[in-house]
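*Asks:*
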Amino acid sequence: MAELIFKEEAYKIVGCCFEVYNELGPGFLEAVYQEALSIEFQKQGVLFIPQAEMNIYYKGIQLKKKYYPDFLCYGDIVLEIKAEENISPADQAQVLNYLKGTKKTLGLIVNFGAEKLQYKRFANTMTANSR
């Protein structure tokens with residue numbers, strides 16, 4: 041079985057998300073969770089940039105359009121947060137496309153809107169295999 045990439049870092053990020061969810065619960069807008077998560081990341085020493093400007097590439101050519109994830113953590117982990125009933129297939133496809141387009145290694149999607157915190161992890165196999 042392959043070893044998980046950024047295992048400890050992802051565990052810490054998701055732990056912060058649980059901390060925010062346990063404090064606030066569901067029902068707020070995404071912006072509330074984003075602000076609270078920024079505070080929790082600072083408290084727990086997670087390296088992050090909120091809404092970092094990221095380049096997108098097409099066939100090796102940098103596009104003029106940029107991507108702004110909710111968070112870029114540890115320089116290589118894209119974190120998208122949601123406040124919806126469930127994580128949708130479109131949300132999952134969005135994260136996978138962003139990983140492919142930005143050449144980042146790991147993507148996390150976390151949903152604060154459900155009865156229980158939901159999260160999924162996505163590896164960009166094209167970059168993960170080259171590490």
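Following my numbering, the numbering of the sequence shown begins with 41 at its first residue and continues without gaps.
We treat Cβ as the ideally placed atom computed from N, Cα and C, and that holds for glycine.
Just to check my reading of the structure: ALA135 and PHE162 have Cβ atoms closer than 8 Å, yes? What is that Cβ distance to the nearest angstrom?
*Replies:* Within the sequence shown, residue 135 is the residue found at index 95, counting from 1. Within the sequence shown, residue 162 is the residue found at index 122, counting from 1. Note on residue identity: the sequence assigns Val, not Ala, to residue 135. Confirmed, Cβ separation roughly 5 Å.
*Asks:* Please determine, among ILE121, ASN126, THR142 and GLN132, the residue with the shortest C-alpha to C-alpha distance to ALA71.
*Replies:* On the sequence shown, residue 71 is found 31 positions in, with the first residue counted as 1. ALA71 has its Cα closest to that of ILE121, out of ILE121, ASN126, THR142 and GLN132.
*Asks:* Just the C-alpha distance for TYR98 and LYS104, rounded to the nearest angstrom, thanks.
*Replies:* Taking the first residue of the sequence shown as position 1, residue 98 is located at position 58. Taking the first residue of the sequence shown as position 1, residue 104 is located at position 64. Rounded to the nearest angstrom, the two C-alpha atoms are 11 Å apart.
*Asks:* Are the Cβ atoms of LEU44 and CYS57 separated by less than 8 Å?
*Replies:* As a working mapping, residue 44 is identified with position 4 in the sequence shown. As a working mapping, residue 57 is identified with position 17 in the sequence shown. Contact: no.
*Asks:* Looking at the structure shown, is TYR159 part of a helix, part of a strand, or coil, going by DSSP?
*Replies:* Within the sequence shown, residue 159 is the residue found at index 119, counting from 1. Note: TYR159 maps to strand in three-state DSSP.
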